[in-house]
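Asks: The UniProt record's numbering applies: residue 1 is where the sequence shown begins, and numbers increase by one.
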Amino acid sequence: MTEVMQRFQIVTTCPIHDRPVYLIINASSPEEAGDKALGMRVSCPWGGIEEAHDFVVEKVLGVSVYPWRPPVTVSAAPIPSVEVKEMITSELGERFWILSRKGQDEFGEIQRGVEEAVRLAPVSTPPTTRGAVTAGSVMLVLLLMLAVSAGGYYLYKRFKSS
């Protein structure tokens, strides 16, 4: 009988940077994945081009199934009703309700009420800012005017005395 190989994520640390390094290993069990990782030569992703280096895995900090999925939880079965025909839970834990004809009609009525309320709600608009100037730009213009005035006065005095 063949063993089913799974993918596991191994967590170890780079001895130079002391930051986590993740490895993906195919193995039949988490223990085997941890054993395979020990002694492996791994290139450190934290060194970049300038400090490219390899290190040997001496310690495995954690092993988890890769890709990670949230744990499967069993929730209470929905009470059979006229509105809900079926409930489906995806692998990610999202719940989807399949509605009966009566449930669809009631949901449509609620949805129309929500849309009507949104349509009647006043829409807030920001105040108009046409012609508004920030204090910084006003100060900049005043400083430029002062510099031009001072320069003009200096030139006026110079030519008047000559």
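For each residue, glycine too, the CB sits at the ideal point set by N, CA and C.
Since we're looking at a predicted model, the values are computed, not measured.
If you check the beta carbons only, do Ser64 and Asp54 fall under 8 Å apart?
Replies: no
Asks: Specify the secondary structure class of Val42 as computed by DSSP and reduced to three states.
Replies: strand
Asks: May I have the straight-line CA-CA distance separating Ala52 from Tyr22, to the nearest angstrom?
Replies: Straight-line Cα distance between these residues: approximately 16 Å.
Asks: Is the distance from the Cβ of Met40 to the Cβ of Val57 below 8 Å?
Replies: For Met40 and Val57, yes; Cβs fall inside 8 Å.
Asks: State buried or exposed for Ile25, treating a residue as buried only when at least 16 other CB atoms are found within 10 Å of its CB.
Replies: buried
Asks: Using DSSP's beta-bridge definition, name the partner residues of Ala27.
Replies: Gln6
Asks: Cβ of Glu50 within 8 Å of Cβ of Ser28?
Replies: no
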